[in-house]
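Peer 1: Here the protein sequences line up with chains H and L, keeping their order. First residue of the first sequence? That's 1479 in this note's numbering, and the numbers climb one at a time after it. First residue of the second sequence? That's 8 in this note's numbering, and the numbers climb one at a time after it. Glycine is no exception: its CB is placed at the ideal position from the N, C-alpha and C atoms. Quick one: the structure is below, questions incoming.
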Amino acid sequence: MKRKLLAATLCLYFAASLLTACSSKPASGGGGGNVIKIGVFESLTGENGGGGFQEVLGIRYANEIYPTVEIGGETYDIELVEVDNKSDKTEAVSAAQSLISSDVKVILGSYGSSVSIAAGDFFAEAGIPAIGASCTNPQVTLGNDYYFRVCFLDPFQGTVMANYAYQENAKTAAVITQLGDDYSSGLGSYFISAFTSLAGEDAIVNQEQFQTNQTDFKAILTNVKASNPDVIFAPSSIATAPLIIKQARELGITCPIMAGDTWENSTIIDNAGEYAEGVVLSTFYDEADPANDEAASFVTDFKEYLKENEQSEIIPAVSALGYDAYLVAIKAIQQADSTDSQKIRDAIADLQIDGVTGSISFDENGDANKNMAFIKTIKDGAFQFLKTITIEN
Amino acid sequence: MTLSTFFQHALTGISLGGSYALIAVGYTMVYGILRLINFAHGDIFMMAGYFMIFAMASLPWQAAIPLVCIITVILGVVIERVAYKPLRSAPRMSIMISAIGVSYLLQNLATYLFTALPHAYPEIPFLKKIFKAGDISASLVTFITPVLTILLVIGLMFLIGHTKTGMAMRAVSKDFETAQLMGIRINNTISITFAIGSLLAAIGSILYFTDRMSVTPFSGTLPGLKCFVAAVLGGIGSIPGAVVGGFIIGISETLLVSLGYSTFSDAFTFVLLIVILLFRPTGLFGEKNIDKV
């Protein structure tokens, strides 16, 4: 009897591990012939599993549209090798190493700056170029010749939100950030320095920090309420966002709540419902205003793809960025006309393409030259474009 | 700090403490009987959250609440039967490792089935009614949580102290083999223990998530850990201890945040664990002659 139960447990366990294995199974390329491997380094589980998955969808979709690449007159099938960094800095290192050992030529990802920073040195050491899609912390590319990214940076984003708040006549602000998360605390501190230089030293009336996986924000928000700010800036993960929004409104906090790019995600509206009305965020692109032909066809066709994958039909900005990262990778491979990682890296550095999120070229740090952000708000249960803010460097 | 801010914090702390206490009781009961720290307990709490989301999608809350309680109890008992019972005669470490395994299994199963994106917790209308008194605003559930916790624990104490099942539980917790020789069906007794623990987790989950409104596969991790600390603080194995521990942790966490030390509120919880283990390993209400590990 005991043995039977043990066997049943094992069966259950293996069945479950099979299930999880399926979800991270590499999308296989065509059979035989020339194959070039592109690594996908993303968070599929863990705290950022939701957003990471949406970024992967963008990459998988791009792979469907551009499944092959021409090198030296021959057609190579592109094989995506997906690994899951589990939103965890330690897991990220082993995931990075498994990618490196599976002989990928370019790496895409990851959602979440912390894991990208943790893995960056390993990619550089192996001489494999990496293209980040939505990791906005400066540390990702700084001092790393092999890390590029297609999105704007947190200092820029923090400044944009501070400027927007100031333009909307906010004189005081409270900042809520996540302890130990490079994205959240980085963006928070850039906002603080930009806002204090605009509105004066005493403009930040309250600073609070919370832990990963924390679900109760009432104590923090009670403090925020007592300090009575004009706006709240709370850059955080999409798992945290609805909790902060709802609990704030329930405590009777009425001031606008602002955040960064992560919040442009329909889950937040689904979760926070009417409480989410009036939330303001900055993001990478606007689906209603495609910048070029690539973007226009992406917007229509990707919605179909989302429907096939049983996702909500609002295109997450991170999917668009994932698509662009893939585009940069294959254009660079074409330009380098080689499967050599070093040559591909040099090609990326000189590349200039029109992606879904606008024109992309890289500066000496490997960051995309972008100086415009889209400000959106949540109104009537949907994201609505408010204005663009351009900051000259 | 103004008076109204103080009251708001006090309310938050007491209500948080109430939900912690309910989960901590689950830890402590299982430990008392099996000498097992059921690391999957926080994840059972999380699964109860998901059950409620799906139950409320098609049923009114009056039917959904009992249904969720029943499913959660079944989950808890099945976990015990499948993952812990076969290891009953194995070294205690094996069963603990099995518990950690179950915890990860539940988290990843939830990620696979429901994705890591947060799901909105349904609103139970009467629990969500918002009360306002001056500057203080809170929903009914905030007031109900601590009261219900105390009532449930009093009920539980009665069950353990004054019924046959309770007597069997006490006997099993004192000595496994002797209890068996005396004709107590220890498997049934253990199942009942898990059933009660899971039931409390389900009720705790309804109260906790109604107040916090969003469930992810990792929602159970941090509350689970903190309630484990609460159970140790109160003296693991002691039910009143777990309740007191839950309230102490909930209130002191809120207090630290209210004083402006939000950075250290969790660090404090775990420092408390270390201090208790160093200076009073049996906890506030623990049995004196705890066996050495």
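Take residue 1582/H and list the residues in its own chain whose beta-carbon comes closer than 7 Å to its own, dropping the five residues that flank it on each side.
Peer 2: Numbered from 1 along the first sequence, position 104 holds the residue referred to as residue 1582/H. Taken in chain order, the residues that qualify are 1515, 1516, 1517, 1559, 1606.
Peer 1: Is it the case that the stretch 1807–1826 of chain H contacts the stretch 1777–1796 of chain H, given that we only count it when at least three CB pairs across the two stretches are under 8 Å?
Peer 2: no
Peer 1: My assumption, with CB atoms under 8 Å, is that residue 1831/H sits in contact with residue 1809/H. Please give the rounded CB distance.
Peer 2: Residue mapping note: residue 1831/H aligns to position 353 of the first sequence, counting from 1. Residue mapping note: residue 1809/H aligns to position 331 of the first sequence, counting from 1. Confirmed, Cβ separation roughly 5 Å.
Peer 1: Residue 267/L versus chain H: which residues are under 8 Å apart at the beta carbon?
Peer 2: Against the second sequence, residue 267/L aligns to sequence position 260. Ordered by position in chain H, the residues that pass the 8 Å Cβ test against residue 267/L are 1701.
Peer 1: Tell me, which residues are paired with residue 1833/H by DSSP?
Peer 2: Position 355 of the first sequence, counted from the start, is the residue given in the question as residue 1833/H. Bridge partners of residue 1833/H: 1836/H.
Peer 1: Thinking just about the alpha-carbon of each residue, which of 1852/H, 1862/H, 1842/H, 1567/H is nearest to the one in residue 1627/H?
Peer 2: Your numbering for residue 1627/H matches position 149 in the first sequence. Out of 1852/H, 1862/H, 1842/H, 1567/H, 1842/H has the C-alpha closest to the C-alpha of residue 1627/H.
Peer 1: Along the chain, which unbroken stretches of the beta strand (DSSP E) at least 3 residues long are found entirely within the stretch 1727–1759 of chain H?
Peer 2: 1735–1737
Peer 1: Out of 94/L, 20/L, 156/L, 197/L, point me to the one whose CA is closest to residue 173/L's CA.
Peer 2: For the purposes of this step, residue 173/L is taken as residue 166 along the second sequence, with counting starting at 1. Residue 173/L has its Cα closest to that of 197/L, out of 94/L, 20/L, 156/L, 197/L.
Peer 1: If I'm right that residue 1740/H touches residue 1775/H with Cβ under 8 Å, what's the distance once you round it to whole angstroms?
Peer 2: Residue 1740/H sits at position 262 when you count from the first residue of the first sequence. Residue 1775/H sits at position 297 when you count from the first residue of the first sequence. Not really, about 26 Å apart at Cβ, beyond 8 Å.
Peer 1: Name the two residues that bound the continuous alpha helix (DSSP H) containing residue 1763/H.
Peer 2: For this step, residue 1763/H is matched to residue 285 along the first sequence. Careful: residue 1763/H lies outside any alpha helix (DSSP H) and carries neither H nor E.
Peer 1: Nearest chain L C-beta to residue 1735/H closer than 7 Å, yes or no?
Peer 2: For the purposes of this step, residue 1735/H is taken as the residue at position 257 of the first sequence. No, no contact with chain L.
Peer 1: Please list, in chain order, the chain H residues whose beta carbon lies closer than 8 Å to that of residue 127/L.
Peer 2: For this step, residue 127/L is matched to residue 120 along the second sequence. Chain H residues near residue 127/L: 1720, 1748, 1749, 1750, 1751.
Peer 1: Hey, out of 1633/H, 1620/H, 1595/H, 1548/H, whose CA is closest to residue 1760/H's CA?
Peer 2: Within the first sequence, numbered from 1, the residue matching residue 1760/H stands at position 282. The option with the nearest alpha carbon to residue 1760/H is 1633/H.
Peer 1: Over the uninterrupted alpha helix (DSSP H) stretch that includes residue 50/L, give me the two end residues.
Peer 2: Within the second sequence, residue 50/L is the residue found at index 43, counting from 1. Start and end: 48–65.
Peer 1: Below 8 Å on the Cβ atoms is my contact criterion, and I expect residue 371/L with residue 224/L to pass it. Report the Cβ-Cβ distance as a whole number of Å.
Peer 2: An answer regarding residue 371/L cannot be provided, because it is not within the stretch 8 to 300 covered by chain L.
Peer 1: According to a CB-to-CB cut-off of less than 7 Å, which residues of the stretch 1540–1561 of chain H neighbour chain L?
Peer 2: none
Peer 1: Verify the CB distance criterion: does residue 219/L have a CB-CB separation below 7 Å to chain H?
Peer 2: Residue 219/L sits at position 212 when you count from the first residue of the second sequence. Cβ-Cβ to chain H under 7 Å: yes for residue 219/L.
Peer 1: Where in the stretch 1648–1696 of chain H do unbroken runs of the alpha helix (DSSP H), each at least 4 residues long, occur, reported from the N-terminal end onward?
Peer 2: 1660–1677
Peer 1: Which residue from 269/L, 107/L, 105/L, 161/L puts its Cα closest to that of residue 249/L?
Peer 2: Indexing the second sequence from 1 puts residue 249/L at position 242. Among 269/L, 107/L, 105/L, 161/L, the Cα nearest to that of residue 249/L is on 161/L.
Peer 1: Going along chain H, which residues have a C-beta under 7 Å from residue 3/L?
Peer 2: This structure leaves residue 3/L out entirely; chain L is present only between 8 and 300.
Peer 1: Secondary structure at residue 6/L, three-state DSSP: helix, strand or coil?
Peer 2: Since the first and last residues shown for chain L are 8 and 300, residue 6/L lies out of range.
Peer 1: My output table needs one value for residue 1557/H: the three-state DSSP class, helix, strand or coil.
Peer 2: Here residue 1557/H refers to the residue found at position 79 when the first sequence is read from its first residue. Residue 1557/H falls in the strand class under three-state DSSP.
Peer 1: How is the beta strand (DSSP E) around residue 1625/H delimited, first residue to last?
Peer 2: Against the first sequence, residue 1625/H aligns to sequence position 147. It spans 1625–1627 - the beta strand (DSSP E) in which residue 1625/H sits, taken as one unbroken run.
Peer 1: Just reading off the beta strand (DSSP E) that residue 1516/H is part of, what are its end residues?
Peer 2: For the purposes of this step, residue 1516/H is taken as residue 38 along the first sequence, with counting starting at 1. Its beta strand (DSSP E) spans residues 1513–1520.
Peer 1: Excluding the 5 residues preceding and the 5 following residue 206/L in the sequence, name in chain order all residues of the same chain whose CB lies nearer than 6 Å to its CB.
Peer 2: For the purposes of this step, residue 206/L is identified with residue 199 of the second sequence, where counting begins at 1. Excluding sequence neighbours, residue 206/L sits near 76, 80.
Peer 1: Let me know if residue 1645/H comes out buried or exposed under the rule of 16 or more other beta-carbons within 10 Å of its beta-carbon.
Peer 2: Residue mapping note: residue 1645/H aligns to position 167 of the first sequence, counting from 1. So residue 1645/H counts as exposed.
Peer 1: At 7 Å on the CB atoms, spell out the chain L contacts of residue 1696/H, in chain order.
Peer 2: Sequence index remark: in the first sequence, residue 1696/H carries index 218 (1-based). Chain L residues near residue 1696/H: 19.
Peer 1: Considering only heavy atoms of the ligand MN, does any lie closer than 6 Å to the CB of residue 1751/H?
Peer 2: Of the ligands one can find in the structure shown there are none, so the ligand MN has no counterpart to examine.
Peer 1: Could you tell me whether the Cβ atoms of residue 1750/H and residue 1702/H are closer together than 7 Å?
Peer 2: Here residue 1750/H corresponds to residue number 272 of the first sequence, with the count starting at 1. Here residue 1702/H corresponds to residue number 224 of the first sequence, with the count starting at 1. No, Cβ-Cβ distance for residue 1750/H and residue 1702/H is not below 7 Å.
Peer 1: Hey, could you find the ends of the beta strand (DSSP E) residue 1855/H is sitting in?
Peer 2: Within the first sequence, numbered from 1, the residue matching residue 1855/H stands at position 377. The continuous beta strand (DSSP E) containing residue 1855/H extends over residues 1850–1857.
Peer 1: What is the DSSP secondary structure of residue 1861/H, reduced to helix, strand or coil?
Peer 2: For the purposes of this step, residue 1861/H is taken as residue 383 along the first sequence, with counting starting at 1. Looking at residue 1861/H - three-state DSSP - the assignment turns out to be strand.
Peer 1: List the residues of chain L that residue 1716/H touches, going by C-beta distances under 8 Å, in chain order.
Peer 2: Reading the first sequence from its first residue, position 238 is the one you call residue 1716/H. Within chain L, the residues near residue 1716/H are 124, 125.
Peer 1: Identify every run of the beta strand (DSSP E) within the stretch 1585–1610 of chain H, keeping only runs that are complete inside it and at least 3 residues long; order them along the chain.
Peer 2: Within the stretch 1585–1610 of chain H, the complete beta strand (DSSP E) runs of at least 3 residues are 1608–1610.
Peer 1: Among 1611/H, 1690/H, 1604/H, which has the Cα closest to the Cα of residue 1795/H?
Peer 2: Taking the first residue of the first sequence as position 1, residue 1795/H is located at position 317. Comparing Cα positions, the closest option is 1611/H.
Peer 1: Please state the DSSP three-state secondary structure of residue 275/L.
Peer 2: Counting from 1 along the second sequence, the entry for residue 275/L is found at position 268. Reduced to three states, the DSSP call for residue 275/L is helix.
Peer 1: Pull up the distance between the alpha-carbon of residue 210/L and that of residue 164/L, whole angstroms please.
Peer 2: Here residue 210/L corresponds to residue number 203 of the second sequence, with the count starting at 1. Here residue 164/L corresponds to residue number 157 of the second sequence, with the count starting at 1. When rounded, the distance between both Cα atoms is 17 Å.
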